[in-house]
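What follows is a short report on a single structure.
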Amino acid sequence: MKIGIVGLGLIGGSLAYDFRALGYTVLGVSRQPQACVDAVKLGAVDAASADLASLAPVDVVFICTPVSVIDAIATRLIPHLSSQAILTDVGSVKGSVVKVLTPLWPRFLGGHPMAGSEETGIHAAQSQLFASNPYILTPTAETPPDVIETMTALVDKLGCNLYRCSPTVHDRAVAWISHLPKMTSAALITACLSEADPEIVKLAQSFASSGFRDTSRVGGGNPELGCMMAQYNREELLRSLQQYRQSLDQLTDIIERSDWSSLKALLQQTQTERPKFL
Ligand code: NAP
Numbered sequence: 000m001k002i003g004i005v006g007l008g009l010i011g012g013s014l015a016y017d018f019r020a021l022g023y024t025v026l027g028v029s030r031q032p033q034a035c036v037d038a039v040k041l042g043a044v045d046a047a048s049a050d051l052a053s054l055a056p057v058d059v060v061f062i063c064t065p066v067s068v069i070d071a072i073a074t075r076l077i078p079h080l081s082s083q084a085i086l087t088d089v090g091s092v093k094g095s096v097v098k099v100l101t102p103l104w105p106r107f108l109g110g111h112p113m114a115g116s117e118e119t120g121i122h123a124a125q126s127q128l129f130a131s132n133p134y135i136l137t138p139t140a141e142t143p144p145d146v147i148e149t150m151t152a153l154v155d156k157l158g159c160n161l162y163r164c165s166p167t168v169h170d171r172a173v174a175w176i177s178h179l180p181k182m183t184s185a186a187l188i189t190a191c192l193s194e195a196d197p198e199i200v201k202l203a204q205s206f207a208s209s210g211f212r213d214t215s216r217v218g219g220g221n222p223e224l225g226c227m228m229a230q231y232n233r234e235e236l237l238r239s240l241q242q243y244r245q246s247l248d249q250l251t252d253i254i255e256r257s258d259w260s261s262l263k264a265l266l267q268q269t270q271t272e273r274p275k276f277l
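Counting in my numbering, the sequence shown runs from 0 upward without gaps.
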């Protein structure tokens, strides 16, 4: 089987490493000539080019670019695909992508590997990035069964924990554990910066340690990722933010009333529940 990867960045490059290690022929496409050279030199792909037509012989193509350009790339790629080729993507939002790509290519199946980092580009790519992590496939009623079967087998070979759900359900679930945390972590940093006394800000910056590192990590990460989440998963993100505001109001109310037993009960509950998310 031949696999095509469009976008030789962190996710595309990491997928390329793993598929190549599994014995598949991997062809890459990147706009940057240097990324093509580097991807071949690093051993991520068998060959790479800036030309989407180079993917004509592949059986499965993974589009691994920012969500905002997936539809434009698919439109340019489709004329080069064989009729049996399977098209998939790795975008962190599924509803909008699946809605646009399904009518373009009947053998499209949306996907989302839940692994990554704040780093970008082919040099950030690593093998085994996805092993033991969730990989969500989002078929619709129209997705051909053999497409689901092939993609399930490929995801399984990566050692991922496979989940299948509708694009809508995917977007609601990731709003809670990925998109809401990005915004609340950013809000934490902006709240700290709102301190009026510059001396206090300076001291807080010097005192910050592991707790702040954990809670501010995603808020201090790639801005484009956060903008993509808000733009393409707007409704679900707003829904989760509104609920989060209620949770903050509840905490504020408890502390204003010095209701320490309620605070302890709430924190005991969060301590018990957190491991279920990780
Ligand atoms: P990345 O390292 O920046 O890679 C993105 C790739 O897309 C680059 O290789 C770039 O290739 C290409 N690209 C960027 N803009 C483009 C454009 N306008 N037209 C064509 N190609 C373009 O980012 P990434 O983290 O791999 O993210 C890729 C996808 O994975 C995104 O859809 C993201 O939602 C999803 N994802 C990310 C994570 C994560 O934690 N990072 C996790 C799961 C899923 P060239 O500039 O070389 O052409």
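Even glycine gets a Cβ: it sits at the ideal position worked out from N, Cα and C.
T24 sits in a strand when the DSSP states are folded into three classes. When distances are taken from the beta-carbon of L236 to the heavy atoms of the ligand NAP, even the shortest one reaches 7 Å or more.
Between R75 and L86, the alpha-carbon positions lie close to 13 Å from each other. Taking the C-beta atoms as reference points, T137 is found no nearer than 8 Å to V89. The alpha-carbon of G12 is positioned some 20 Å away from that of A55. In terms of Cα proximity to L51, the closest of G120, A34 and A73 is A73. The ligand NAP never approaches A73 closely enough for any of its heavy atoms to be under 7 Å from the residue's Cβ.
Contact check for I188 against G210 fails: the beta carbons are separated by 8 Å or more. For R256, the three-state secondary structure derived from DSSP is coil. Take the alpha-carbon of R30 and the one of L277: they are about 36 Å apart.
Unbroken alpha helix (DSSP H) stretches of 4 residues or longer found wholly inside the region 51-113: 66-76 and 94-103, given in chain order.
By the Cβ-count criterion, D170 is buried, with 16 or more other Cβ atoms from all chains shown falling within 10 Å of its own Cβ. Per DSSP, K1 is one residue of the beta strand (DSSP E) stretching across K1 to V5. Its chain contains A46 and A47 as the residues whose beta carbon lies nearer than 7 Å to that of V39, once the 5 sequence neighbours on both sides are disregarded; these appear in chain order. 8 Å or more divides the Cβ of G115 from the Cβ of I135. Inclusion of I253 and L237 in the CB contact set at 8 Å is not warranted, their separation being larger than that value. One alpha carbon belongs to I147, the other to L100, and they sit about 16 Å apart. Residue ranges of uninterrupted alpha helix (DSSP H) with 4 or more members, entirely inside the region 153-186 and ordered along the chain, are 166-173. Taken through DSSP and simplified to helix, strand or coil, L236 comes out as helix.
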